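Asker: The numbering of the sequence shown is UniProt numbering, which starts it at 1 and goes up by one.
Glycine included, C-beta positions come from ideal geometry on N, C-alpha and C.
On a predicted model such as this, the values are computed, not experimentally measured, just so you know.
Structure below; questions to follow.
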Amino acid sequence: MLIAIDPGHGGKDPGAVVGDYKEKDINLTIGLKLRDILIKENISVIMTRDKDETVDLQQRCDIANKSKVNYFISIHCNSFTVPSANGTETYAYPGSIVGRNLDQYVQNELVEMLKTKDRGVKYEKFYVLKYTVMPAILVETAFMSNPGNLELLLQKPEDFARAITNGLLKFLRNTDYEQMDNIEN
């Protein structure tokens, strides 16, 4: 089992910025903690970035595709002009049966563990979901623009990583993923 972890943004691309906090840094912190937890669970991991560097979207897909990973998890933080917007949402590519199942497990674990508002699972043609050849999800962990969500992101990055791990492990235990992979490919 090989998982690609994609901490969104990085380098010249800060992602969302709220005060002194940059999305790229929070994504990387969660991504590195996720890597460490998965390794302890005997799951192999490849990172699209493991430091603050610019990696374009196609490079992220190429890293995963060339490494023949089983699943791709992109980590992001949400932001909105209205500070009351809050919660967690998880995305899969439209029509991805496996992605739809994986994103639901991850979404459920994040909402349960972090007590964030459940904004649901959604389907979009985001670049990294469209151009990876394996089932992929994009996790919008919480809203940086919401003071309560930002506090969670800053104080509990390991909880976000643990929740993503728990969702992945439940998905793997409860899904005939080899059969699902054959359906998708």
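Report the start-end ranges of each alpha helix (DSSP H) in the segment 63-124 that is 4 residues or longer and not cut off at the edges.
Answerer: As far as the segment 63-124 is concerned, its whole alpha helix (DSSP H) runs of at least 4 residues are 97-114.
Asker: Mapping DSSP to helix, strand and coil, what is ASP6?
Answerer: Residue state, collapsed to three classes: strand.
Asker: Going by the beta-carbon positions, is the gap between TYR123 and TYR91 smaller than 8 Å?
Answerer: A contact, by the Cβ cut-off of 8 Å.
Asker: Could you tell me which residues DSSP puts in a beta bridge with LEU138?
Answerer: SER74 and TYR91.
Asker: Strictly by DSSP, which residues pair up with ASP13?
Answerer: DSSP output for ASP13 lists GLY10 as bridge partner(s).
Asker: Please classify PRO94 as buried or exposed, where buried requires at least 16 other C-beta atoms within 10 Å of its C-beta.
Answerer: With fewer than 16 Cβ atoms within 10 Å of its Cβ, PRO94 is classed as exposed.
Asker: Look up LYS22 in the DSSP assignment and say whether it is helix, strand or coil.
Answerer: Correct three-state label for LYS22: strand.
Asker: Label ARG173 either buried or exposed according to how many other C-beta atoms from any shown protein chain fall within 10 Å of its C-beta, with 16 as the threshold for buried.
Answerer: So ARG173 ends up on the exposed side.
Asker: What did DSSP end up calling PHE126 once you bin it into helix, strand or coil?
Answerer: In the structure shown, PHE126 sits in coil (DSSP, three-state: anything other than H, G, I, E or B).
Asker: Just to check my reading of the structure: VAL69 and LEU114 have Cβ atoms closer than 8 Å, yes? What is that Cβ distance to the nearest angstrom?
Answerer: With 8 Å as the limit, VAL69 and LEU114 do not qualify as a contact, their Cβ atoms being about 26 Å apart.
Asker: So, GLY8 versus GLU23, is the Cβ gap smaller than 8 Å?
Answerer: The answer is yes: Cβ separation under 8 Å.
Asker: Using the beta-carbon count (16 or more within 10 Å), is ASP6 buried or exposed?
Answerer: With 16 or more other Cβ atoms within 10 Å, it is buried.
Asker: For the putative contact between ASN27 and GLY15, defined by C-beta atoms under 8 Å, what is the C-beta separation to the nearest angstrom?
Answerer: Rounded, the Cβ-Cβ distance is 7 Å, consistent with contact.
Asker: Please confirm whether GLU109 and GLY167 have their CB atoms less than 8 Å apart.
Answerer: Yes, the Cβ-Cβ distance between GLU109 and GLY167 is below 8 Å.
Asker: Give every residue of the same chain whose Cβ lies closer than 6 Å to the Cβ of ASP181, excluding the five residues on either side of it in the sequence, and list them in chain order.
Answerer: Any reading at ASP181 needs caution, since the residue's pLDDT is 49, under 50, leaving its predicted position unreliable; the model's value is listed next. Hits under 6 Å: none found.
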